[in-house]
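Worksheet: the structure to be examined is printed underneath.
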Amino acid sequence: MSNVMEGVRILEVAQFTFVPAAGGILADWGADVIKVEHPVRGDTQRGFLNMGGVQLDPLRHTLIEHPNRGKRSVGIDLSTTEGQELLYELAKTADVFLTNYLPQHRQKNKFDIEHIRAVNPNIIYARGSAFGNKGPEREFGGFDGTAFWSRSGIADTFTPEGLDGPLTQSIPAFGDSIGAMFIAGGISAALFHREKTGEAKELDVSLMSSAWWASGALLSQIMETGVTMKAQMPTSGGSARSPFNGNYRTSDGGTINLCINSPTGLIRDTFEHIGLPELADDPRFSEPRALFDNAGAASDLMVKAFTAKPFDYWKQHLKTMKGQWAPVQSLPQLLEDEQALANDMIIEVDGADGKPLRLVRGPVQWDNEPLQTTRAPQASEHTELVLMELGLEWDRIEALKAKGAIA
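Position 342, counted from 1, in the sequence shown is what the numbering used here calls 342; the numbers after and before it change by one each time, with no gaps.
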């Protein structure tokens, strides 16, 4: 396996998912990621034992496993002088310092950029936040449900007109996982820049800025034209301008999505696959402009054709169609998707209880090799090992434990 980040050490002082998931990605890529946790409670997210009504096993805590696989955990109380001194000793050995603590907390516990750079001027300092490191709300916290989903306009845009309220975010850590990739990419670029120039950068990524980028194509349109878009109530049929773009209900309640943005050269093939070959010779539909002008009539005929066959029939039958389409799948169905599995999207690790645990593999591959990782650490699992690697004698480790500075 290509461990492209081998030899890079990341010192992570972060909680929840947004920033830790960036550390998880970098660990997937081969970095040595040391996660600093409170010596008593650990990452606060470890206490989340219910997610969407599902009880979580502390030894198989998927909301911890997803962002923290492949790391080592060290329990240090950063509110103590002894704990801060240990953090500085770790920082001297690190290439990157990664955090999502708010600025007032970083200052109080002396791990803001000036404190870390004082012991390691060449360290890359990476911050993740809800709303950014500038402006009147830099000291405000937030989660992806607030900063990425709600405030950003995404929830409103995804909600069709006429509903009583906005759609809720139904995928835990959705914005967190997206934003974490920006942090991992930013750190990679900063490491490359330091290698080329010798200059260590500081970087910031916020959940709000991640949402801006994810919505960038539409936001740019709004800034340019003032025209926005909203999700529409679900129906079976094509869009107002093209019958080849839309969702079509099957006989058993499934849905096939057509996304043929440019029908040029695809009209006959598409109609033949749908079982309506005669429409390719109908002057209302035989050319793109005519097809657009008569989108409603074509859509009505296609709705009837799709409802004549079940979902599984269309999934197989459309595989030879030249235009773009997809079955609308649930997440449980995705877990059985042949193409996803062929591309190694599931990884199995040994859980903390010794039993196999399946996780989602990171999306990047090098040389067609699936990335390997290990389970997330238990809180403070590697404290003694990491401190001994730093050169601490056992007597000092015992003294720090007695003071409560470490776990």
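Ideal Cβ positions, reconstructed from N, Cα and C, are used throughout, including at glycine.
Same chain, Cβ closer than 6 Å to residue i, neighbours up to 5 away in sequence not counted
i: A22; result: A180, I183, A184
i: F143; result: none
i: S299; result: G237, G238, P243
i: V36; result: V13, V74, I76
i: D32; result: R9
i: Q378; result: A352
i: L56; result: L49
i: G145; result: Q169
i: Y88; result: V119
Same chain only: Cβ atoms within 7 Å of residue i, ignoring 5 sequence neighbours per side
i: G362; result: I25, D28, L371
i: R249; result: S236, T255, F306, T307
i: G141; result: L102, A130
i: A407; result: P39, G75, S380, T383
i: N133; result: R127, D204
i: G427; result: As shown, the chain starts at 1 and ends at 407. That puts residue 427 outside it, with no answer to give.
i: H115; result: none
i: L334; result: A340
i: E65; result: L357, L359, R375, A376
Sub-7 Å separation of residue i and residue j beta-carbons
i: I187; j: A280; result: no
i: F285; j: P263; result: no
i: K315; j: P327; result: yes
i: R69; j: A376; result: yes
i: A200; j: I123; result: yes
i: A405; j: D77; result: yes
i: N109; j: S152; result: no
i: E224; j: I113; result: no
i: I419; j: G323; result: Residue coverage of the chain in this structure runs from 1 to 407, which leaves residue 419 outside it and unanswerable.
i: A242; j: A295; result: The sequence given here has Ser at residue 242, not Ala. Their beta carbons are under 7 Å apart, which means S242 touches A295 by this criterion.
i: L390; j: I397; result: no
i: M345; j: P172; result: no
Per DSSP, the bridge partner or partners of residue i
i: V74; result: V36
i: V96; result: I10, I124
i: Q55; result: N50
i: I183; result: None; I183 has no bridge partner.
i: W149; result: Answer by DSSP bridge pairing: none, since W149 is not bridged.
i: P327; result: I256
i: E202; result: Y125
i: D144; result: Answer is none; D144 lacks a bridge partner.
i: W366; result: E369
i: L357; result: V349
i: N247; result: G237, N257
i: G406; result: Checking the sequence, you will find Ile at residue 406 rather than Gly. Its beta-bridge partners are I76.
For residue j and residue i, believed in contact at Cβ under 8 Å, the rounded distance
i: P160; j: M233; result: 4 Å
i: H86; j: D353; result: Checking the sequence, you will find Leu at residue 86 rather than His. Not quite, the Cβ-Cβ distance comes to about 30 Å (not below 8 Å), so this is no contact.
i: P20; j: P67; result: 4 Å
i: L207; j: F148; result: 4 Å
i: D282; j: M321; result: The Cβ separation is near 19 Å, so there is no contact.
i: T17; j: S239; result: Not confirmed; about 35 Å, so no contact.
i: S210; j: G253; result: Not confirmed; about 35 Å, so no contact.
i: I267; j: L301; result: Their Cβ separation, rounded to whole angstroms, is 13 Å, which puts I267 and L301 out of contact at 8 Å.
i: K403; j: E82; result: 6 Å
i: Q107; j: E139; result: At roughly 10 Å, the Cβ-Cβ gap does not stay under 8 Å, so Q107 and E139 are not in contact.
Any C-beta of chain B under 7 Å from that of residue i
i: E272; result: Among the chains of the structure shown, chain B does not appear; only one protein chain is present.
beta-carbon residue i near the ligand NAD non-hydrogen atom, thresh 6 Å
i: P277; result: Absent from the structure shown: the ligand NAD. Ligands present: none.
Nonlocal neighbours in the same chain, by C-beta distance under 8 Å from residue i, ignoring five residues either side
i: V4; result: W29, G30, W366
i: E272; result: A280
i: T157; result: S215, L218, T228, M229, K230, A231
i: D350; result: P356, L357, T374, R375
i: W325; result: I256, N257, L258, C259, I260, L318
Contact between the segment 4 to 11 and the segment 95 to 105 is defined here as three or more beta-carbon pairs at a separation below 8 Å; is this criterion met? yes
Say whether the segment 301 to 315 touches the segment 349 to 367, bearing in mind that this needs 3 or more beta-carbon pairs closer than 8 Å, one atom from each stretch. no
Whether or not the segment 105 to 119 and the segment 85 to 96 are in contact is what I'm after, with contact meaning three or more pairs of Cβ atoms, one per stretch, closer than 8 Å; do they touch? yes
Pair every Cβ in the segment 216 to 226 with every Cβ in the segment 160 to 178, then say whether three or more of these pairs are closer than 8 Å. no
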